[in-house]
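First up is the structure itself, then whatever we jot down about it.
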Amino acid sequence: MVVFIKPKPGSFDLGTEAMPERLRFEGLEVTVRRSRRRRSLGLTVTVEGRVIVAAPVRASRDLLLQVLLKHQDWIKRKVAASQDAWARLPQGAVFFLGRAYPLSLLAQGKTPVKLARAEMRVQAGTTAAAWPLLQAWYRREADRLIRERVQHFARGLDLKALRVELREWKRRWGECHPQEALRFNWRLILLPPEILDYVVVHELAHLQEPSHNARFWQRVEQTLPDYRQRREWLNRFGSPFLLWSL
Ligand SMILES: [Zn+2]
């Protein structure tokens, strides 16, 4: 959200990298990021539910508080939504295709990672040691399944085979580069399969329609008539999975 203001000269203090400037507002801790190039105030609630105000160097604290007050309903709604999304993730669980499994650390076994008897078995002494093994396993599973789903939907849409690459982003699930490749976040493998399918169909639809216009959504709907519910799920509950780790 961007709020346009005319900054007045006034008191200001600059946070440093080590000690970022903070404000208390309605029980929330707000981080202030000032920049010489900024002319307006920008409000953001991050995936983790933190409130950040981007501000011109000289914007006064009073002005920042006024803007926070004016947009407090929006801020509280966003923070609550983020907390809800995180609260759905059981502590200590491991996620795979939309299901939560208990993690079981094994001293020995034939394979480093195995999903068996409704638990995720990892051959490691600590969760810290288990995480890289689990990530490698997730990437392999994501690679296999995403390629398969791309092929499946591309066939239905009469599109030629495309290069598929996996990435790790903190803020996005997929990217479409029509001349090069379709790129997907390996973390899609943590989400329910119908949500993974939605992201695949979304990126495939971008091959013919780069922007999110009416024609684009029509294309998505032709393949997934219930895409709205899937998109809604991703918007409401997807973000924590971009950051989740053991
Ligand atoms: Zn898109």
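Following my numbering, the numbering of the sequence shown begins with 173 at its first residue and continues without gaps.
Heads up, the beta-carbon is just placed ideally off N, CA and C, and yes, glycines get one too.
Here the structure is a predicted model, which means the values were calculated and not measured.
Check: Can you tell which of Phe409, Tyr370 and Ser383 has its C-alpha closest to the C-alpha of Gly398?
Finding: In the sequence shown, residue 398 corresponds to position 226, counting from 1. Looking at the sequence provided, one finds Asp at residue 398 rather than Gly. Of the candidates Phe409, Tyr370 and Ser383, the one whose C-alpha sits nearest the C-alpha of Asp398 is Tyr370.
Item checked: Which of helix, strand or coil DSSP assigns to Ser411 -> By 1-based counting over the sequence shown, the position of residue 411 is 239. DSSP places Ser411 in coil when its eight states are reduced to three.
Next item on the list: Return the CA-CA distance between Glu201 and Pro274, expressed in angstroms with no decimal places.
Entry: Residue 201 sits at position 29 when you count from the first residue of the sequence shown. Residue 274 sits at position 102 when you count from the first residue of the sequence shown. The alpha-carbon atoms of Glu201 and Pro274 are separated by roughly 33 Å.
Notebook entry, point to check: Which same chain residues, not among the five before or five after Thr283, have their C-beta less than 6 Å away from its C-beta?
Noted result: Within the sequence shown, the letter at position 111 stands for residue 283. Taken in chain order, the list of residues that qualify is empty.
Item checked: Boundaries of the alpha helix (DSSP H) in which Ser212 is found, first to last residue -> In the sequence shown, counting from the first residue as 1, residue 212 sits at position 40. Note, Ser212: premise wrong, no alpha helix (DSSP H); not H, not E.
Notebook entry, point to check: Trp405: which of Pro365, Gly281 and Arg391 sits nearest, CA to CA?
Noted result: By 1-based counting over the sequence shown, the position of residue 405 is 233. Here the closest residue by C-alpha is Pro365.
Notebook entry, point to check: Is the Cβ-Cβ distance between Leu362 and Phe325 less than 8 Å?
Noted result: The residue labelled residue 362 in the question sits at position 190 within the sequence shown. The residue labelled residue 325 in the question sits at position 153 within the sequence shown. Contact flag unset, no.
Check: Should His374 be counted as a contact of ligand 1 given a C-beta to heavy atom distance under 7 Å?
Finding: Walking along the sequence shown from the start, residue 374 turns up at place 202. Because some heavy atom of ligand 1 lies under 7 Å away, the Cβ of His374 counts as near it: yes.
Margin query: Across the stretch 287-294 and the stretch 263-273, are there enough close Cβ pairs to call them in contact, namely three or more that are closer than 8 Å?
Written below: The stretch 287-294 is in contact with the stretch 263-273.
Note to self: Less than 8 Å between the beta carbons of Leu415 and Glu220, yes or no?
What the structure shows: Looking up residue 415 in the sequence shown gives position 243. Looking up residue 220 in the sequence shown gives position 48. Yes. Within cutoff.
Notebook entry, point to check: What do you reckon, is the C-beta of His324 under 7 Å from a heavy atom of ligand 1?
Noted result: Taking the first residue of the sequence shown as 1, we reach residue 324 at position 152. Checking the Cβ of His324 against ligand 1 gives no.
Next item on the list: Quick one: measure Cβ to Cβ for Arg311 and Leu338, integer angstroms, because I've assumed they're closer than 8 Å.
Entry: Here residue 311 corresponds to residue number 139 of the sequence shown, with the count starting at 1. Here residue 338 corresponds to residue number 166 of the sequence shown, with the count starting at 1. At roughly 6 Å, the Cβ-Cβ gap stays under 8 Å, so Arg311 and Leu338 are in contact.
Item checked: Where the alpha helix (DSSP H) containing His120 begins and where it ends -> Because the chain is modelled from 173 through 418, residue 120 falls outside the range shown and cannot be assessed.
Notebook entry, point to check: Whose CA, out of Arg260, Ala302 and Ala257, lies closest to the CA of Leu277?
Noted result: Walking along the sequence shown from the start, residue 277 turns up at place 105. Ranking the options by Cα distance to Leu277, first place goes to Ala302.
Note to self: Going by DSSP, what residue range makes up the alpha helix (DSSP H) through Val239?
What the structure shows: Translated into the one-based positions of the sequence shown, residue 239 becomes position 67. Counting along the chain, the alpha helix (DSSP H) containing Val239 begins and ends at Arg233 to Lys242.
Note to self: Nearest by alpha-carbon distance to Pro192: which of Arg271, Asp245 and Ala226 is it?
What the structure shows: Along the sequence shown, one-based indexing puts residue 192 at 20. Nearest C-alpha to Pro192: Ala226.
Check: Apart from the five residues on each side of it in sequence, which residues of its chain come closer than 8 Å, Cβ to Cβ, to Trp341?
Finding: Counting from 1 along the sequence shown, the entry for residue 341 is found at position 169. Around Trp341: Asn357 and Leu414.
Item checked: For His378, three-class secondary structure by DSSP -> Residue numbering aside, residue 378 sits at position 206 when the sequence shown is read from its first letter. Here His378 sits in helix by DSSP.
Item checked: Arg391 vs Gln401 beta-carbon contact at 8 Å -> Residue 391 sits at position 219 when you count from the first residue of the sequence shown. Residue 401 sits at position 229 when you count from the first residue of the sequence shown. No, they are not a contact pair.
Notebook entry, point to check: Beta carbon of His243: closer than 7 Å to some heavy atom of ligand 3?
Noted result: Ligand 3 is not part of the structure shown, which contains ligand 1 as its ligands.
Notebook entry, point to check: Between which two residues does the alpha helix (DSSP H) carrying Val392 extend?
Noted result: If you number the sequence shown from 1, residue 392 lands on position 220. Segment Ala386 to Thr395, the alpha helix (DSSP H) holding Val392.
Check: Is Ser276 helix, strand or coil by DSSP?
Finding: The residue labelled residue 276 in the question sits at position 104 within the sequence shown. DSSP places Ser276 in strand when its eight states are reduced to three.
Check: Lys286 by DSSP, collapsed to three states: which one?
Finding: Taking the sequence shown and counting its residues from 1, one reaches residue 286 at position 114. Looking at Lys286 - three-state DSSP - the assignment turns out to be strand.
Next item on the list: Give the DSSP-derived three-state secondary structure of Ala265 in the structure shown.
Entry: Sequence index remark: in the sequence shown, residue 265 carries index 93 (1-based). Note: Ala265 maps to strand in three-state DSSP.
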